[in-house]
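Engineer: Residue numbers (our numbering), protein chains in the order written: chain L, 43 to 585; chain C, 145 to 461.
Virtual Cβ for every residue (Gly too), placed ideally from N, Cα, C.
#1: Any beta-carbon of chain C closer than 8 Å to the one on residue 279 of chain L?
#2: Can you tell which of C:219, C:414, C:195 has its C-alpha closest to the C-alpha of residue 211 of chain C?
#3: Under three-state DSSP, which class holds residue 281 of chain L?
#4: Compare the C-beta of residue 145 of chain C with all C-beta atoms of chain L and state if any pair is closer than 8 Å.
#5: Work out the CA separation of residue 541 of chain L and residue 568 of chain L for me, nearest whole Å.
#6: Can you check whether the C-beta of residue 328 of chain L is within less than 8 Å of a C-beta belonging to chain C?
#7: Taking the alpha carbon of residue 382 of chain C as the point to measure from, which residue in C:165, C:229, C:252 has its own alpha carbon closest?
#8: At a Cβ threshold of 8 Å, is residue 227 of chain C touching chain A?
#9: So residue 542 of chain L contacts chain C; which residues on that side make the cut at Cβ distance below 9 Å?
#10: Where do the ends of the beta strand (DSSP E) carrying residue 394 of chain L lie?
#11: Would you kindly work out how many angstroms separate the C-alpha atoms of residue 427 of chain L and residue 518 of chain L, rounded to a whole number?
#12: Thinking C-alpha only, which one of L:293, L:366, L:525, L:373 is nearest residue 356 of chain L?
#13: Under a three-way DSSP split, which group does residue 178 of chain L fall into?
#14: So what does residue 510 of chain L bridge to, in DSSP terms?
#15: How close, in whole Å, do the beta carbons of residue 398 of chain C and residue 414 of chain C come, if the pair is a contact with beta carbons under 8 Å?
#16: Just how far apart, CA to CA, sit residue 213 of chain C and residue 432 of chain C?
#17: Hey, does residue 67 of chain L have any beta-carbon neighbour from chain C nearer than 8 Å?
#18: Kindly say whether residue 205 of chain C, judged by its beta-carbon, lies nearer than 8 Å to any beta-carbon of chain L.
#19: Does the count of Cβ pairs from the stretch 530-544 of chain L and the stretch 483-501 of chain L closer than 8 Å reach three?
#20: Would you identify the three-state DSSP class for residue 444 of chain L, choosing helix, strand or coil?
#21: Tell me, please, whether the CB atom of residue 288 of chain L is closer than 8 Å to any CB atom in chain C?
#22: Whose C-alpha, out of L:183, L:163, L:213, L:522, is nearest the C-alpha of residue 580 of chain L?
#23: What does residue 572 of chain L pair with, by DSSP beta-bridge criteria?
#24: Just by C-beta distance, which residues in the stretch 363-388 of chain C are closer than 8 Å to chain L?
#25: List the residues of chain L whose Cβ lies closer than 7 Å to the Cβ of residue 427 of chain C, in chain order.
#26: Quick one: what's got a C-beta closer than 7 Å to residue 469 of chain L's C-beta in the same chain, skipping five residues either side?
#27: Output the distance between the C-alpha atoms of residue 317 of chain C and residue 447 of chain L, rounded to the nearest integer angstrom.
#28: Which residue spans inside the stretch 468-520 of chain L form an unbroken alpha helix (DSSP H) run of at least 4?
#29: Can residue 131 of chain L and residue 111 of chain L be called in contact, C-beta distance under 8 Å?
#30: Thinking C-beta only, is residue 145 of chain L closer than 8 Å to residue 114 of chain L?
#31: Touch check for the stretch 433-447 of chain C and the stretch 317-328 of chain C: three-plus C-beta pairs under 8 Å?
#32: Quick one: what's residue 222 of chain L bridged to in DSSP?
#33: Under a Cβ-count criterion, where at least 16 other Cβ atoms within 10 Å of its own Cβ denotes burial, should residue 307 of chain C be classed as buried or exposed?
#34: Should residue 89 of chain L be labelled buried (16 or more other beta-carbon atoms within 10 Å of its own) or exposed?
#35: Does DSSP classify residue 196 of chain L as helix, strand or coil?
#36: Counting only the same chain and skipping the five closest in sequence on each side, list residues whose C-beta sits under 8 Å from that of residue 376 of chain C.
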């Protein structure tokens with residue numbers, strides 16, 4: 043008896059030891075989507091086999107063979123109350139395609155940290171993979187992990203049509219070896235970009251209009267600081283609430299600098315590093331240091347979060363913000379205690395600030411999330427077809443507008459408008475609107491216009507004129523990526539540290555020249571050479 | 145004759161060993177899972193250190209660890225060529241060193257103090273309340289630190305303002321990072337870390353206390369001449385083991401608390417490895433720096449063990 047007990051204990055201990063040694067290759071939650079393939083049922087029952095799979099022409103279903111399934115490695119929604127696998131839009135796309143999907147979802151917040159190591163070991167058991175980044179250094183595609191999609195373009199009519207309609211994106215997506223490996227989602231490049239916003243009620247109370255120059259702007263901040271703008275009887279207001287990540291967007295252009303990417307091209311086509319500009323960057327830092335010293339840029343600026351900004355707005359404690367335009371009516375104005383749905387009581391977008399240089403807003407690279415097909419997949423063609431179907435106009439309409447009759451209606455002229463229920467953002471998100479976490483969704487200006495307040499859409503239109511293209515997405519060659527990877531970590535650390543020190547005054551601006559010398563000693567010239575080569579390649583591809 | 149005697153002794157020893165092995169076979173079997181655990185999770189992965197000397201190709205899997213292009217000491221050279229190399233080593237060492245200097249004696253003192261409490265319910269209550277912070281997640285602790293130290297509405301700055309001191313932006317000034325890290329770490333772990341010392345003190349024979357009292361020893365003398373010598377082996381064992389991880393600061397806590405303005409004191413090897421190795425997909429570089437870190441740790445343990453053997457006759461090996 044004693045021996046049996048000991049044997050059982052031993053067995054249990056050994057089992058528990060091996061419990062962590064399973065073949066699971068990620069920490070993701072794996073859910074099986076048992077969506078019934080309605081479209082499969084609806085398909086011609088007499089058809090079947092390979093002949094049918096060849097019959098895919100870009101519309102649903104992608105296969106008429108029953109029981110076809112794909113594994114997709116992607117992200118959870120950034121809305122914690124949304125189960126994206128059970129969202130109606132996502133389920134409908136899968137059902138229409140005539141397949142089932144086994145999801146491997148990894149948390150949105152640490153997707154890169156979790157998935158990049160999985161890809162590095164090549165142990166991904168999924169047919170379709172949402173990349174942890176845009177693979178700018180061609181690391182993943184050169185590893186042979188992903189299929190060259192152009193070999194399957196015969197099965198991808200929607201994607202090839204879209205590429206033909208978007209030659210710039212096609213050029214960006216074409217790798218050094220001439221192949222295309224990823225199906226991308228896209229962002230709007232010029233609309234709803236980060237913009238400067240003013241509390242209109244405070245502006246009216248101060249009897250001022252939105253400033254357009256740095257000097258006017260500083261005057262306005264001083265006025266806000268010296269006056270009880272919210273009428274609570276105390277000077278507790280924070281004139282400006284700007285997250286540190288937004289400062290380069292907000293003030294860089296007024297000093298002729300694109301501090302968002304850091305790299306920019308001068309009139310002669312020469313690439314330079316904005317953070318090493320000995321005149322303009324020094325002026326930029328001097329300006330921010332003066333704001334900090336005067337208390338107009340708050341002491342906590344480096345750790346300020348969006349949640350803190352929203353909290354201030356809900357308490358009517360701040361007058362200026364800078365964030366993605368989306369926040370204007372959807373996150374900021376709607377929490378103001380006196381917001382009545384009009385621009386007069388809202389945080390409203392304004393023109394960019396100008397200084398020695400005319401101001402502009404930095405746009406966004408249109409390429410968004412990238413989806414690749416795993417080379418080890420046993421269903422490569424089906425995966426390519428599914429990605430292609432997910433790029434179809436019908437699916438994109440669903441991503442942007444939702445489900446007809448539920449979230450939007452179409453009038454006799456073919457114009458779409460959201461239903462009353464769609465104004466409930468939680469409901470809309472749970473429906474699966476813009477499922478960029480799991481499908482290659484394209485952002486749409488029209489649907490965003492319909493979703494935000496009318497005054498907000500109007501402001502967005504007015505601001506398009508100020509938006510300039512950002513540093514483009516360019517694939518790096520192996521040598522370029524080696525150089526950049528080797529030197530940029532130190533350069534970025536050096537810049538971040540010194541920028542904060544100059545702004546807060548812990549380092550004197552009289553040391554700026556030694557800062558630039560230090561920056562150059564970090565092999566900046568090698569990085570600039572790599573970036574110049576990249577840019578020249580991009581420029582010639584556009585010709 | 146002498147050689148024969150030795151041979152016989154060896155045979156006797158073998159017999160004794162076989163006898164003992166047979167007698168304790170079930171106990172010995174129970175160690176198998178532990179051996180398997182160490183083989184799978186420690187010794188087999190250790191062979192992956194070869195990655196620090198090659199250029200690991202993404203997607204090449206387990207095989208790639210051993211078959212990628214050999215680059216020698218390239219990643220070590222790259223690390224030492226960084227202008228931040230020595231700063232990273234210094235910050236990593238100092239954070240751990242101060243944590244050790246301030247964090248190690250507190251659980252001992254606390255254990256001595258708490259075992260002197262006569263009322264059992266009071267002793268248990270104090271122990272439980274000091275254990276609790278250990279079970280709060282690092283993310284929550286860091287959130288609490290940031291909130292408490294906020295210059296605008298943090299409780300610490302409010303108190304400073306009450307006594308006429310201007311708000312201090314603790315989280316943006318390099319000189320404050322180490323005290324914040326060390327004090328919060330000690331607060332979180334001193335209760336839990338005292339458990340083993342409390343157990344060691346409880347293990348001292350009551351007869352020894354009794355005889356010292358009979359000899360007229362007071363409380364201070366009891367602690368100095370009985371309690372401390374009684375737990376000395378435990379203290380030394382734990383000290384050497386702690387020294388073994390001297391260069392391993394908690395990545396999560398530093399990562400959650402640090403920012404560019406305070407890199408000067410807060411950027412440590414682990415955060416640099418994260419930025420250079422993980423974010424840039426350069427796993428070979430990360431392995432090289434990790435190996436370097438482990439080598440420093442091993443050297444410290446080795447030296448500490450030798451010193452301990454010489455000074456106190458107590459050592460791990």
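Structural biologist: Based on what the coordinates show:
#1: no
#2: C:195
#3: strand
#4: For residue 145 of chain C, the predicted structure reports a pLDDT of 46, less than 50, and the residue's modelled location is therefore unreliable. A value from the coordinates is still provided. So, not an interface residue.
#5: 22 Å
#6: no
#7: C:252
#8: The structure shown has no chain A; the protein chains it does contain are L and C.
#9: 316, 403, 404, 405, 406, 407
#10: Note, residue 394 of chain L: premise wrong, no beta strand (DSSP E); not H, not E.
#11: 28 Å
#12: L:373
#13: coil
#14: L:404
#15: 7 Å
#16: 15 Å
#17: Note on residue 67 of chain L: pLDDT 38, under 50, position unreliable in the model; the coordinate value appears next. When Cβ-Cβ separations below 8 Å define contact, residue 67 of chain L makes no contact with chain C.
#18: Among the CB atoms of chain L, one or more fall inside 8 Å of the CB of residue 205 of chain C.
#19: no
#20: coil
#21: Residue-level contact check: residue 288 of chain L does not touch chain C, since none of the beta carbons of chain C fall below 8 Å from its beta carbon.
#22: L:213
#23: Per DSSP, none; premise fails for residue 572 of chain L.
#24: For the stretch 363-388 of chain C, the set of positions with a beta-carbon nearer than 8 Å to some beta-carbon of chain L is empty.
#25: 162
#26: Closer than 7 Å at the Cβ level, and outside the excluded window around residue 469 of chain L, lie 463.
#27: Rounded to whole angstroms, residue 317 of chain C to residue 447 of chain L spans 56 Å at the Cα level.
#28: 487-493, 496-505
#29: no
#30: yes
#31: The way I'd put it, the stretch 433-447 of chain C doesn't touch the stretch 317-328 of chain C; fewer than three beta-carbon pairs between them come closer than 8 Å.
#32: L:216
#33: exposed
#34: Residue placement at residue 89 of chain L is poorly supported in this model, since its pLDDT is 35, which falls under 50; the coordinates still yield a value, given next. Exposure of residue 89 of chain L is indicated by the presence of fewer than 16 other C-beta atoms within 10 angstroms of its C-beta.
#35: helix
#36: 456, 458
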